[in-house]
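Residue numbers (the numbering used here), protein chains in the order written: chain A, 26 to 135; chain B, 14 to 126.
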């Protein structure tokens with residue numbers, strides 16, 4: 026049973042435009058969410074996080090929005106750059122573990 | 014710079030071989046994890062460990078075992094490799110209570126032929 030879902034396997038965006046990556050969760054006990062970015066042949070690296078006491082967190086070009094009533098979060102990248110092309114995973118802590126979504130492949134075209 | 018180091022970037026093994034994947038962290042983290050990444054399935058937890066000599070099954074432990082004899086080292090063992098274990102294997106570590114952030118290794122791409 027997937028508790029964190031990323032329903033879009035891939036997304037293609039033109040350089041300079043906005044990228045929006047979506048994530049849904051089923052466990053209402055989740056209170057913290059993280060986004061990781063992964064390049065091929067590398068391990069995932071932490072990108073940005075948000076606590077459930079907030080509905081928005083911003084870090085440079087990256088903003089995460091949390092809608093607790095809808096159990097939905099999204100990652101916005103503005104403006105998108107070719108170097109943003111990677112796999113993006115959303116995740117939430119479950120005990121000492123992280124539960125990950127299936128990932129979304131982002132391709133930013135120049 | 015903190016690190017999680019996986020001993021091999023690429024491995025090719027034959028069906029039936031016993032395979033060892035090694036992971037070492039230098040952050041004195043209590044928790045260590047082994048995941049595999051497959052397209053469309055994301056990161057799936059195989060095993061994790063809260064402390065030396067302690068291990069817990071993750072979501073897909075079948076066909077795998079682990080060893081944690083020292084705090085800094087966590088080994089994943091494929092007892093008899095099969096082709097469906099061809100995957101990217103990722104090791105991670107975190108502090109206690111640290112589902113709030115992992116540090117990942119660079120991964121081992123294992124191909125079983």
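Built from N, CA and C at the ideal position, the CB exists for glycine as well. Since the model is a prediction, treat every value here as computed from it, not as a measurement.
field: Spatially closest choice to residue 64/B from 80/B, 123/B, 50/B and 54/B, by CA coordinates
entry: It is 80/B whose Cα lies nearest to the Cα of residue 64/B.
- prompt: Within the chosen definition, does the stretch 43-53 of chain A reach the stretch 83-103 of chain A through at least 3 CB pairs nearer than 8 angstroms?
  reply: By the Cβ criterion, the stretch 43-53 of chain A is in contact with the stretch 83-103 of chain A, since at least three pairs of Cβ atoms, one from each stretch, lie closer than 8 angstroms.
query: In chain B, which residues lie with their C-beta within 8 angstroms of the C-beta of residue 122/A?
result: 46, 58, 61, 71 and 112, listed in chain order.
task: Using a Cβ-Cβ cut-off of 8 angstroms, state whether residue 125/A counts as contacting chain B.
output: Closer than 8 angstroms to some Cβ of chain B, the Cβ of residue 125/A qualifies, so yes.
Neighbour flag for residue 91/B against chain A, beta carbons, 8 angstroms: Cβ-Cβ to chain A under 8 angstroms: no for residue 91/B.
- prompt: So which residues of chain B does residue 66/A contact, with C-beta pairs closer than 8 angstroms?
  reply: Those are 22, 119, 120 and 122, listed as they occur along chain B.
message: So if DSSP puts residue 84/A in a beta bridge, which residue, or which two residues, is it bridged to?
response: Residue 84/A is bridged to 87/A.
message: Judging by CA-CA distance, which residue of 40/A, 64/A, 52/A and 128/A is the nearest neighbour of residue 102/A?
response: Distance check between residue 102/A and each of 40/A, 64/A, 52/A and 128/A places 40/A closest, using alpha-carbon atoms only.
- request: For residue 71/A, go through chain B and note every residue whose CB falls closer than 7 angstroms to its CB, in chain order.
  value: Chain-ordered, the chain B residues with CB closer than 7 angstroms to the CB of residue 71/A read 114.
message: Suppose only complete runs of 3+ residues qualify. What are the beta strand (DSSP E) ranges in the stretch 34-122 of chain B, listed by chain order?
response: The qualifying runs are 44-51, 55-62, 77-83, 86-91 and 100-107.
- prompt: Smallest Cα separation from residue 69/B: which of 120/A, 129/A, 33/A and 128/A?
  reply: When each option's Cα is compared against that of residue 69/B, the closest is 120/A.
- prompt: Buried or exposed: residue 126/B, going by 16 or more other Cβ atoms within 10 Å of its Cβ?
  reply: Exposed is the call here.
Minimum Cβ-Cβ distance from residue 34/B to chain A less than 8 angstroms: No, residue 34/B lies away from the interface with chain A (no Cβ there is under 8 angstroms from its Cβ).
message: Using a 10 Å radius around the Cβ and a threshold of 16 neighbouring Cβ atoms, would you call residue 122/A buried or exposed?
response: By the neighbour-count criterion, in which 16 or more other beta carbons inside 10 Å mark a residue as buried, residue 122/A falls on the buried side.
field: Coarse secondary structure for residue 56/A, derived from DSSP in three states
entry: DSSP places residue 56/A in the coil class of the three-state scheme, outside both helix and strand.
- prompt: For residue 67/B, which option in 73/B, 97/B, 82/B and 76/B has the closest C-alpha, if you only look at C-alpha atoms?
  reply: With distances taken between Cα atoms, residue 67/B lies closest to 82/B.
field: residue 114/A beta carbon less than 8 angstroms from that of residue 55/B
entry: Going by C-beta atoms, residue 55/B is nearer than 8 angstroms to residue 114/A.
field: Listed by chain order, chain B residues near residue 114/A by CB distance under 7 angstroms
entry: Listed along chain B, the residues sitting closer than 7 angstroms to residue 114/A by beta-carbon distance are 55 and 56.
- prompt: Can you name the residues of chain B whose CB is closer than 7 angstroms to the CB of residue 34/A?
  reply: Close partners of residue 34/A in chain B (Cβ separation under 7 angstroms): 53.
message: Is there a C-beta anywhere in chain B that falls below 8 angstroms from the one on residue 108/A?
response: False, the Cβ-Cβ gap to chain B never drops below 8 angstroms.
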